[in-house]
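Undergrad:
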Amino acid sequence: MSSDTASRGGEPVEMCPAKNKAARHKRLSTLFQRGGVGGPTGGGGGRWASEKKLANLIDPLPEERVKPPSQGEVPGVLKIYGGDISMGTNYKSVLATARSTARQLVQEALERYGVTQPNAEDAYVLCDVVGSIHGMDSSWEARYLQAVGDSERPLVLQDVWKPKTGCTRRFEIRRRCDVERMVKGEDEDGSGINSQSCRQQSRRSRAASGGHVGPKERADNPSLQRSISEMNLSTKHRRDCKGVLSMAVGELAEGGPVGESRLKAAKEAEGNPAPSASEEEATDVASLEQLTQCLIQPPTEHPYFLQLLGYNEKKEFVIHVMTRRRHIFGRPERRPAPDQSSFVDTFLNAPDILPQHCCVVSSMPPADPSHPRSSAMVRPFRGASITHNGTPLHRQVELAPGDLLGMGQYFLFMYKDPRAATAPPAWLLKAWVSPGLVGALACQACGRSLQERQEAFRAYLKSREPQLCYRPQEQEALLAEIVRLQETSTCRLGPAFLFGLCLEHAARELEPGHLPRLIARIAQLVKEAVWGKIKDIRDRQPENQQDKGEAGNLSIEEVTADLRPLMLWMANSMELLNLVQKRVLDIEKDLDLEGVSHNALLSSDLETCDEAMAVLDEVIMSTFQQSVYYLTKTLYSALPVLLDSNPFTATTDLSHVPELSSMPEGIRGTLAIYQATLELTHDCDLHPDLVSQTFGYLFFFSNASLFNTIMERGGSQSLFQWAKAVQIRTNLDLVLDWLQGVGLGDIATEFFRKLSNTANLLCMPKSSLLQASWSRLRNDYPVLTPAQLQHVLRNYQLGPGRASPECWNPPDKERDEMAQSDIFESFIDHPPLILPCDGFRLRLSEPVLDDTLHRQLVRLRRFLWELERESLPANQRAVYGLDPSQ
1 MSSDTASRGG EPVEMCPAKN KAARHKRLST LFQRGGVGGP TGGGGGRWAS EKKLANLIDP
61 LPEERVKPPS QGEVPGVLKI YGGDISMGTN YKSVLATARS TARQLVQEAL ERYGVTQPNA
121 EDAYVLCDVV GSIHGMDSSW EARYLQAVGD SERPLVLQDV WKPKTGCTRR FEIRRRCDVE
181 RMVKGEDEDG SGINSQSCRQ QSRRSRAASG GHVGPKERAD NPSLQRSISE MNLSTKHRRD
241 CKGVLSMAVG ELAEGGPVGE SRLKAAKEAE GNPAPSASEE EATDVASLEQ LTQCLIQPPT
301 EHPYFLQLLG YNEKKEFVIH VMTRRRHIFG RPERRPAPDQ SSFVDTFLNA PDILPQHCCV
361 VSSMPPADPS HPRSSAMVRP FRGASITHNG TPLHRQVELA PGDLLGMGQY FLFMYKDPRA
421 ATAPPAWLLK AWVSPGLVGA LACQACGRSL QERQEAFRAY LKSREPQLCY RPQEQEALLA
481 EIVRLQETST CRLGPAFLFG LCLEHAAREL EPGHLPRLIA RIAQLVKEAV WGKIKDIRDR
541 QPENQQDKGE AGNLSIEEVT ADLRPLMLWM ANSMELLNLV QKRVLDIEKD LDLEGVSHNA
601 LLSSDLETCD EAMAVLDEVI MSTFQQSVYY LTKTLYSALP VLLDSNPFTA TTDLSHVPEL
661 SSMPEGIRGT LAIYQATLEL THDCDLHPDL VSQTFGYLFF FSNASLFNTI MERGGSQSLF
721 QWAKAVQIRT NLDLVLDWLQ GVGLGDIATE FFRKLSNTAN LLCMPKSSLL QASWSRLRND
781 YPVLTPAQLQ HVLRNYQLGP GRASPECWNP PDKERDEMAQ SDIFESFIDH PPLILPCDGF
841 RLRLSEPVLD DTLHRQLVRL RRFLWELERE SLPANQRAVY GLDPSQ
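Last residue of the sequence shown: 886 (UniProt numbering), numbering continuous.
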């Protein structure tokens, strides 16, 4: 169909989808191509100037749709007449869906007419015009005209009501100033097109404020059929109802049929002339329309909102139907965004309503009608003023039928779901539930005595439920007390658990912006505590103490005692970081739901949380580095003995893996450091992944240190010979066997591979070694680099006067490379620290079973109680003078 073809003025306006599926697919597949040879600017011909806006017109299907869309949802062609813009062309064709708004269609039509001025759509308005065809030339005569609101959906309006017999309709673009001038002039004299179209306004569908409902869905669903006031009352129907209306008015006035004549006589006696027949008929019809607007039946298959209060109640609908699972309330914008995330179902015109104010997600229809799911979920957008049953709403909560939902200062709705079972509203008075702390004693509306409330408060203090209630003004003192408890308590993961309860309370009870600030404050307090511990350990090192005459090394017992606070903070920071990440994921979900353009506050909150998590990452990294530094410092002096000691002594039993006390003296010091480190990590409840990485770093250091010592001292101290190599191999086997017995064998085998291969090479029988070629040794010992292998073979002690065999010489092409290679292992190639993703110990949703942790929780509850009681006036402290220790 040509978009510029002139049309006869009286044809009806309707959607024009393709006649068959194959043809439609072929046409749309060509229309929606991008880029190619025949692009919009490439001279392909036949391409529409509005192609760049097709994404705005073709709305994506709602997320809850599981069926294929009906034909009514497929984009079709809508004719829009613009005689005021272009006299040579009667209409232009644009693509439209049932969700297309009038403003979007005006934008598309103006582009089709070639109007390219910025903000041109502000000067034009879409008009719904009803008229008829006259004369031999089928000329068009307009009888009724109504401006369509920018946010209204013309195709929904077209489906809701039809012109009477003999009339047709079409959509026209007219200048906004001309339409306003026409309306003003007709209001003054009471005649014209708009005076008759005022009554058409009241017949528009109430479902327009509740989103789009397809024609087929409305026809098949009696709960969505139009009420009497939405029907087009013909002249015959009005005459039939006239007598009924007169009788109703008379009976209401005098209690019987004679009331109408008495009312007319009273008016004539007062000097008012009797109304003419035409005026009387118009008055009766207007009264009937007002009466029928009160006969509204709510839907029976869809949830809806019953408006109790509004901003301009005379012009607002009473029932707002949820036609989608996800229903959004918001304020109509001057230029609505075209993306699906900005779609608004119900528009609320009030100064304190945000463009997107509130989102309600309804539950799916129940599979079992006998057990219906009656709840929905309501979530305010960031910055929106919402109340739920009179309580300020800051986060997503359950919405049950009968709940009251307030939006801003003016709107109040009641949520109804006809699919749900009848239950008392949630806002009715219920049995008293203890809020804890002062609220448990201050509540006077619960009907309980002071003694009963005191008993409930004592139950809260001793409860093992993971709950810690506090007021925002007591938060700083609470956090400082949690940090202080870490110094004296034996509960290892107590700080992370108590901090986690604070996060849970803030996320559940306090306003949303409070949680990110709390996360940042906790991270800062943890960092300050860790930095203080690191400074204390540094000051206690022998080389930093000026009063000691001779600097010595600390024993492993002293080192582990100094490192215990750091290990505890490492374990707590790791658990705390996991709890924070869960809360950040919730904020990111809100960000995805609200869209990037509507949540500057959410973006700021995420930045605050990211900075706090970076601080916790830094704490974990610092505590890990400091721990392995001081442990490897102790190992540095213990490892060389392993190369020099002889395990084959009379006091050593090598038939099985012995206890540490009966191990050879040369390896006893190294194993003591490993054992003390293992006990320290277990005592601090360090995450298993961090334990593995701690020992991975220690084994990496041990392997590199021992290997470099062999390469440095091998030739001069007779380490490169069979007898000495057997002693080194035996000591290393004893270490690996002991580590295997404590569960660290796999990690040790991986990191001691180079030292183990070197010992195996030196333990090879001399006769076999003399016959081995360079290529064979390279294949058998690939862990050693060519330079390291050549160094071992060149310094191997074959005996006095014996030279190395020719078969040990490397090829000439490898010699140049080996000359530039280093034979020592680098300490900077240590494995990186990788934070774990699972296996965490804390569960904030389970009762507190650990007695030590429970005592800390009770102690904090009493601490908060004392803070609250001290904040009360002096004359009220005696009333609330409960002794929590009782």
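Don't be surprised by glycine CBs; every beta carbon is placed ideally from N, CA and C.
The model shown is predicted, which means the values in this text are computed figures rather than measured ones.
For the candidate residues Thr730, Asp122 and Leu853, whose alpha-carbon lies nearest to that of Gly666?
TA: Gly666 has its Cα closest to that of Thr730, out of Thr730, Asp122 and Leu853.
Undergrad: Locate the beta strand (DSSP E) running through Gln127, then write down its first and last residues.
TA: The residue asked about is misnamed: residue 127 is Cys in this sequence, not Gln. Here the beta strand (DSSP E) through Cys127 covers Tyr124 to His134.
Undergrad: Out of curiosity, what's the CA-to-CA distance linking Glu141 and Val77?
TA: The alpha-carbon atoms of Glu141 and Val77 are separated by roughly 24 angstroms.
Undergrad: Please state whether the Cβ-Cβ distance between Ala102 and Gly82 is less than 8 angstroms.
TA: In this structure, Gly82 does not lie closer than 8 angstroms to Ala102 by Cβ.
Undergrad: Quick one: what does DSSP say Ala772 is sitting in, helix, strand or coil?
TA: Ala772: coil per DSSP, three-state reduction.
Undergrad: Return the CA-CA distance between Leu501 and Pro118, expressed in angstroms with no decimal places.
TA: For Leu501 and Pro118, the distance between alpha carbons rounds to 55 angstroms.
Undergrad: Determine the DSSP secondary structure at Leu308, reduced to helix, strand or coil.
TA: Of the three classes helix, strand and coil, the one that applies to Leu308 here is strand, per DSSP.
Undergrad: The alpha helix (DSSP H) that contains Val792, what's its start and end?
TA: Pro786 to Arg794 is the span of the alpha helix (DSSP H), which, as asked, contains Val792.
Undergrad: Pick out whichever of Ser132, Arg382 and Leu606 has its Cα sitting closest to the Cα of Thr165.
TA: Comparing Cα positions, the closest option is Ser132.
Undergrad: Report yes if the CB atom of Phe523 is closer than 8 angstroms to the CB atom of Ala612, and no otherwise.
TA: First, the residue type needs correcting, since residue 523 is Ala and not Phe in the sequence shown. Yes; because the gap between Cβ atoms is below 8 angstroms, this pair is in contact.
Undergrad: Return the first residue and the last residue of the beta strand (DSSP E) that Pro380 is part of.
TA: Ala376 to Pro380 is the extent of the beta strand (DSSP E) around Pro380.
Undergrad: If you follow the alpha helix (DSSP H) that Thr168 is in, where does it begin and where does it stop?
TA: Note, Thr168: premise wrong, no alpha helix (DSSP H); beta strand (DSSP E) at Thr168 to Arg175.
Undergrad: Could you check where the alpha helix (DSSP H) with Glu528 kicks off and where it finishes?
TA: First-last of the alpha helix (DSSP H) with Glu528: His514 to Arg540.
Undergrad: Please look up how many angstroms separate the CB atoms of Gln820 and Glu594, rounded, as I've assumed it's under 8 angstroms.
TA: Not a contact, Cβ separation roughly 60 angstroms.
Undergrad: Would you mind working out which of Gln721, Leu639, Val318 and Leu835 sits nearest residue 887, comparing C-alpha positions?
TA: Here the chain has residues from 1 to 886 only, and residue 887 is not among them.
Undergrad: Flag Ser645 as yes if its beta-carbon sits less than 8 angstroms from any beta-carbon of chain B, otherwise no.
TA: Protein chains in the displayed structure number just one, and chain B is not present.
Undergrad: Per DSSP, what kind of secondary structure is Pro873 in: helix, strand or coil?
TA: Of the three classes helix, strand and coil, the one that applies to Pro873 here is coil, per DSSP.
Undergrad: Does DSSP classify residue 891 as helix, strand or coil?
TA: Residue 891 cannot be examined here, being either before or after the span of the chain that is shown, 1 to 886.
Undergrad: Return the chain-ordered ranges of every alpha helix (DSSP H) run that is complete within the region 670-747 and spans a minimum of 4 residues.
TA: If we require 4 residues or more, the alpha helix (DSSP H) runs fully inside the region 670-747 come out as 688-713 and 722-741.
Undergrad: From Ala96 to Gln107, what does the alpha carbon distance come to, in whole angstroms?
TA: Taking the straight line from one Cα to the other gives about 12 angstroms.
Undergrad: Among the residues of its own chain, which have a CB less than 8 angstroms from the CB of Val66, if the five just before and after it don't count?
TA: Reliability of the predicted coordinates at Val66 is poor, the pLDDT of 36 falling under 50, and the value obtained from them is presented with this limitation in mind. Same-chain partners within the cutoff: there are none.
Undergrad: Classify Asp536 as buried or exposed, calling it buried when 16 or more other Cβ atoms lie within 10 Å of its own Cβ.
TA: Exposed: under 16 other Cβ atoms inside 10 Å.
Undergrad: Leu461 and Arg861 - do their beta-carbons sit closer together than 8 angstroms?
TA: Against a cut-off of 8 angstroms, the Cβ pair of Leu461 and Arg861 comes out as a contact.
Undergrad: Taking Gln396 as the reference, give the member of Ala147, Glu511 and Pro565 with the closest Cα.
TA: Among Ala147, Glu511 and Pro565, the Cα nearest to that of Gln396 belongs to Glu511.
Undergrad: Which same chain residues, not among the five before or five after Glu398, have their C-beta less than 7 angstroms away from its C-beta?
TA: Cβ neighbours of Glu398 beyond the five flanking positions: Ser375 and Met377.
Undergrad: Can you give the Cα-Cα distance for His854 and Glu558, rounded to whole angstroms?
TA: Roughly 31 angstroms separates the two Cα atoms.
Undergrad: Let me make sure I understand the geometry here. Which of Ile353, Asp352, Asp345 and Ala350 has the alpha-carbon closest to that of Val361?
TA: Among Ile353, Asp352, Asp345 and Ala350, the Cα nearest to that of Val361 belongs to Asp345.
Undergrad: Closer than 8 angstroms is the cut-off here; do at least three beta carbon pairs connect the region 742-755 with the region 690-700?
TA: Touching, yes, given that three or more Cβ pairs across the two stretches are closer than 8 angstroms.
Undergrad: Could you tell me whether the region 638-647 touches the region 603-617, where touching means 3 or more Cβ pairs closer than 8 angstroms?
TA: Contact between the region 638-647 and the region 603-617 is absent, because fewer than three Cβ pairs lie under 8 angstroms.
Undergrad: Taking its Cβ as the centre, do 16 or more other Cβ atoms sit within 10 Å of His327, making it buried, or is it exposed?
TA: His327 should be labelled buried.
Undergrad: Going by C-alpha distance, which of Gln104, Thr608, Ala384 and Ala561 is nearest Ala520?
TA: The residue with the shortest Cα to Cα distance from Ala520 is Thr608.
Undergrad: Quick one: any contact between the region 825-832 and the region 459-473, if contact means 3 or more CB pairs under 8 angstroms?
TA: As far as the Cβ criterion goes, the region 825-832 does not touch the region 459-473, which means the pair count is below three.
Undergrad: Leaving out the 5 sequence neighbours to the left and right, which residues in its chain are closer than 8 angstroms to Arg583 when beta-carbon positions are compared?
TA: The residues are Leu503, Ala507, Leu515, Ile519 and Cys609.
Undergrad: Take Arg564 as the anchor and find which of Cys469, Arg492, Leu762 and His505 has the nearest alpha-carbon.
TA: Taking only the C-alpha atoms, the option nearest Arg564 is Arg492.
Undergrad: Can you name, in chain order, every residue of its own chain whose Cβ lies under 7 angstroms from the Cβ of Gly745, other than the five neighbours on each side?
TA: Here the set comprises Leu736 and Leu739.
Undergrad: Beta carbon of Pro418, beta carbon of Ser151: below 8 angstroms?
TA: Not a contact, by the Cβ cut-off of 8 angstroms.
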